[in-house]
Every structure is written in structure tokens, then in C-alpha cells.
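Residue numbers (the working numbering): 3 to 137. Note that the Cβ used here is the ideal one computed from N, Cα and C, for glycine as well. Given the structure is predicted, the values throughout are model-derived calculations rather than measurements. To start, the structure under review is shown below, and the notes come after it.
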């Protein structure tokens, strides 16, 4: 199965060594659980993929939180799907390369008709990002 997590930046502390916390209810309710610890636990419990949604970046269209995505991708052996922040095609390229995500979720940039999924995939493919091209 897929484990989807909403994550908020809180700064490094003894309670949150990664600097990120798991939140629920659209980011309104903190869970008191370190995000990196929870991703490792999710993998241990059998999650086959992780959706990593940055509450801080979600809806901003200013780009994914690359540090968060890279940190989690480096910590687990299962695929990581980045979510939250996509605004332009370059953001997808960045999260799939610098952020080391295995996939990227897009919403607003497609919902409002600014881009199409096929166009985004074509752009990434032309830049050397490997992916399924059937649509």
C-alpha cells in the first residue's frame, strides 16, 4: 500500500531531529512525531510507496521542498512521491533530480489548465528523465 504523509517544517530539536513533524487535518493538527522516524516506521510496517506532502509548500506553486524530499528518499528503499508546491515544469525536474523523488504529484498547475500531464511528461522525457510515456 501507499503511505501518504502531511509534513510541516518545525526546525530541528531533540523531539524533531529531522526538523519536520507529521501533521493531520490539512496541517492543522500536529502529531508530535518526527517525519523521518515515521517514514522509516512506515517502510518497516510494509508501505510500498510514500507520498511526501509538504504542507508548507502545498498550494504555493513555488516549488517542492527539495530538502525534505531528498532526506526521505535517502532514508528509505521504497519509492517516494513528492507532493506540494508544483507550479512550473522546472519544479518537477528539480524534485525528480535534485530531490531524488521517484515520482511527483501535480495538482494546481494542471487543474487550472496551465499545463497538461502529457506535455509535462514530454518535457521531462526530453530532459532525460526516465518515465512511462503511455497516456
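Local Cβ density within 10 Å of residue i, reported as buried at 16 or more and exposed below that
i	result
residue 96	buried
residue 56	buried
residue 48	exposed
residue 26	exposed
residue 71	buried
residue 121	exposed
For residue j and residue i, the rounded distance between their alpha carbons
i	j	result
residue 77	residue 5	15 Å
residue 40	residue 79	14 Å
residue 84	residue 16	26 Å
residue 62	residue 46	32 Å
residue 59	residue 65	7 Å
As assigned by DSSP and simplified to three states, the class of residue i
i	result
residue 78	coil
residue 1	Coverage of the chain is limited to positions 3 through 137, which leaves residue 1 absent and any answer about it impossible.
residue 31	strand
Start-to-end residues for the alpha helix (DSSP H) that takes in residue i
i	result
residue 135	First-last for residue 135: undefined, no H or E at that position.
residue 119	119 to 128
Extent of the continuous beta strand (DSSP E) run through residue i
i	result
residue 23	22 to 26
Next item on the list: May I have a chain-ordered list of the alpha helix (DSSP H) segments no shorter than 4 residues that lie completely inside the segment 56 to 104?
Entry: 68 to 77 and 91 to 99
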